[in-house]
Amino acid sequence: MRLGSASSQRFSSQAGPRKRHSRARASLLFYMIGALILLTLERFDSQVPIWVRGVANDVVAPVLGLVDQPIRSVQNSIERIAGVSDIYIENEALRRENRRLNQWRDAAAQLGRENDQLRSLMKAPGQTVPAAAAVRVVGVGGGAFEKSVLVNAGLSEGLSRGWPVVDDYGLVGRVMEIGQFSSRVLLISDLNSRIPVRIERSGQLAIVMGNNEDWLTLKFLPESQDVEVGDRILTSGHGGVFPPDILVAVVASVDEGTVRLTPSAKLSRLDYLKILAYQTIPPEVQRDMEVPE
Amino acid sequence: MSSTQIKAGDKFKGLAGLVPVLITIFFSILMLLPVGTSATMSIFPHLPMIAVFYWTAHRPLSMPLGAAALVGLILDLWLGVPLGLNILLLVTMRMFVIAQLKYFKGRSVLVYWAIFSLSCLALFAMSWIIASYATSSFAPVGPLFNQALVTIVVYPIISWILTRARAAWT
């Protein structure tokens, strides 16, 4: 009798951990399989992850905005303190720059007037792309896998997926995911970024490719490639994703066919950005083209 | 290590039990903030990975499997990386620590650091395979290796901060 109760006690004391163990194994399997299903959906470009991510971005964007405020203030204060000693030199440089820019402004105004007159004579359409919204970067993403930033505007501001994004210096990227109040912008330095461009000086067409680094690569140049260090690279407008003539990068080095570029946009310090309402096909034409179900 | 070896002392009391998960979620938010330059953007350490390792090694009951998976999901959603990637990484990290804890529990900080370093390198290699599978293209190895290295280097600092937090809330 005593023996029987001892063995049943041992059995029950072993059954508990064994049960817990199998439950732990089952939940581990559940999470592993769940993750693999999600990854497979990503692989086959399902719309589910895109939609879920848009909602998640909407949730985190206001939180990031709040957390970001004190961090930015500290960062700005440090920069201000560090920059005090340079103020006099910087002031002098800015005065010189201002004089030079004033001359350029007069020349640009003159050329602009001439351009408008010639366009009206030739009946050629204008190329100005209106800005849809000025947005602020509230988060970065991707880590080592992807180069993207989260901005604080979405469908509620009338933005649309695929629209180009610029800063004061050049092309930043395009809207990749869109939520109600936030959007994710794929940067031109991302591995999946491909931009049809032309070299300003020679007019040759090529493709700018990102590689998840701080620099870009110029690919698919014609055999008689005419590219030099310092050449400016502009969007060509081919493919219809980006409007033509936006500054993308400047050639940094040319080594045995490998052309490295430095992005013109300040990708390292993105703050306020402009999203351009760019559509190659006007919305009314697009509506007419849609096949009724 | 089986769950029976986890002692009651390994557990925080009351609401303080949420502290490890909350700190790990806070680390996830930190990874999203646009601080510093693009250099810091690409080599920002994987803080949640350190946190999951630390809490599983020191307070296993306060970092359950579900919490590790939840933090992974949050990271995937917010960082914009393939959905499921960080879930797999953090769940695997927890599983590895639980299985190996009996061999290194109570050893010096250096041993913990060495074990974290090895598991971190293995997980980053795994993440490269997973990301390549999900995106159907080979992700560049350089930025990934840099991030793994930075994560390993900052481990002692983050571990020290978490030890202070543990002492304050236990």
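These protein sequences, in sequence, are chains A and B. Positions 1 to 293 (our numbering) are the ones given, in order, by the first sequence. Positions 1001 to 1170 (our numbering) are the ones given, in order, by the second sequence. Each residue gets a CB set at the ideal place from its N, CA and C atoms; glycine is no exception. Just so you know, these numbers come straight off a predicted model, no measurement behind them.
Exercise. Quick one: what's valine 1091 of chain B bridged to in DSSP?
Worked result: DSSP lists no partner for valine 1091 of chain B.
Exercise. Taking the DSSP output, what are the residues bridged to aspartate 255 of chain A?
Worked result: A:Thr258
Exercise. For the alpha helix (DSSP H) that proline 1048 of chain B lies in, which residues bound it at each end?
Worked result: In this chain, the alpha helix (DSSP H) harbouring proline 1048 of chain B covers 1047-1058.
Exercise. How many angstroms separate the CA atom of arginine 161 of chain A from the CA atom of valine 48 of chain A?
Worked result: Going from the Cα of arginine 161 of chain A to the Cα of valine 48 of chain A covers about 16 Å.
Problem set entry | Contact set between methionine 1095 of chain B and chain A, taken where Cβ atoms lie within less than 8 Å | Think of a sphere of 8 Å around the beta carbon of methionine 1095 of chain B: the chain A residues whose beta carbon falls inside it are Leu28, in chain order.
Exercise. Taking the alpha-carbon positions, what's the alanine 26 of chain A to aspartate 58 of chain A distance?
Worked result: Take the alpha-carbon of alanine 26 of chain A and the one of aspartate 58 of chain A: they are about 33 Å apart.
Exercise. Which residues in the same chain have their Cβ closer than 6 Å to the Cβ of isoleucine 1158 of chain B, if we skip the five residues on either side of it in sequence?
Worked result: Ile1050
Exercise. Taking Cβ-Cβ distances shorter than 7 Å, what residues in chain A pair up with proline 1140 of chain B?
Worked result: Leu191, Asn211, Asn212
Exercise. Exposed or buried, phenylalanine 1044 of chain B, counting other C-beta atoms within 10 Å across all chains shown (16 or more means buried)?
Worked result: buried
Exercise. Straight-line CA distance for lysine 266 of chain A to alanine 1139 of chain B?
Worked result: 24 Å
Exercise. Can you name the residues that DSSP bridges to alanine 153 of chain A?
Worked result: Beta-bridge pairing links alanine 153 of chain A to no other residue.
Exercise. Measuring CA to CA, which of B:Gly1142, B:Phe1124, B:Gln1100 is closest to aspartate 214 of chain A?
Worked result: B:Gly1142
For this session: Report yes or no: is there a C-beta of chain A within less than 8 Å of the C-beta of valine 1154 of chain B?
Result: Taking Cβ atoms only, chain A never reaches closer than 8 Å to valine 1154 of chain B, which makes this a no.
For this session: Residues of the segment 137-170 of chain A with a CB closer than 9 Å to any CB of chain B: list them in chain order, please.
Result: Val137, Val138, Gly139, Val140, Gly141, Gly142, Gly143, Ala144, Phe145, Glu146, Lys147, Ser148, Val149, Leu150
For this session: Figure out for me which residue from B:Thr1056, B:Phe1124, B:Val1021 has the closest Cα to the Cα of lysine 1102 of chain B.
Result: B:Thr1056
For this session: List the residues that DSSP assigns as beta-bridge partners of tyrosine 272 of chain A.
Result: Answer is A:Arg136, bridged to tyrosine 272 of chain A.
For this session: Give a yes or no on whether 8 Å exceeds the smallest Cβ distance from leucine 38 of chain A to chain B.
Result: yes
For this session: Output yes or no for whether 8 Å exceeds the beta carbon distance between isoleucine 50 of chain A and tryptophan 163 of chain A.
Result: no
Problem set entry | 8 Å Cβ cutoff met for glycine 154 of chain A and isoleucine 178 of chain A | yes
Problem set entry | Close beta carbons around leucine 1121 of chain B, own chain, < 7 Å, minus the five adjacent residues each side | Ala1148
Exercise. In this structure, does DSSP put proline 62 of chain A in helix, strand or coil?
Worked result: helix
Problem set entry | Distance between isoleucine 1074 of chain B and asparagine 192 of chain A (C-alpha atoms, nearest Å) | Rounded to the nearest angstrom, the two C-alpha atoms are 23 Å apart.
Problem set entry | Straight-line gap, arginine 136 of chain A to asparagine 152 of chain A (C-alpha atoms, nearest Å) | 6 Å
Exercise. With a cut-off of 8 Å, does the C-beta of glutamine 1100 of chain B fall near any C-beta of chain A?
Worked result: no
Problem set entry | Distance between lysine 19 of chain A and valine 52 of chain A (C-alpha atoms, nearest Å) | 35 Å
For this session: Verify the CB distance criterion: does phenylalanine 1053 of chain B have a CB-CB separation below 8 Å to chain A?
Result: no
Problem set entry | Closest residue to proline 1060 of chain B among B:Ile1152, B:Val1019, B:Ala1125 (Cα-Cα distance) | B:Val1019
Exercise. Straight-line CA distance for valine 251 of chain A to alanine 24 of chain A?
Worked result: 56 Å
Exercise. Hey, quick one: how far does the alpha helix (DSSP H) through valine 1071 of chain B stretch, first residue to last?
Worked result: 1065-1079
For this session: Could you check what DSSP says for glutamate 177 of chain A in three-state terms: helix, strand or coil?
Result: strand
For this session: Please check the pair proline 1048 of chain B and valine 1021 of chain B, which I expect to be a contact at CB under 8 Å, by giving their CB distance rounded to whole angstroms.
Result: The Cβ separation is near 10 Å, so there is no contact.
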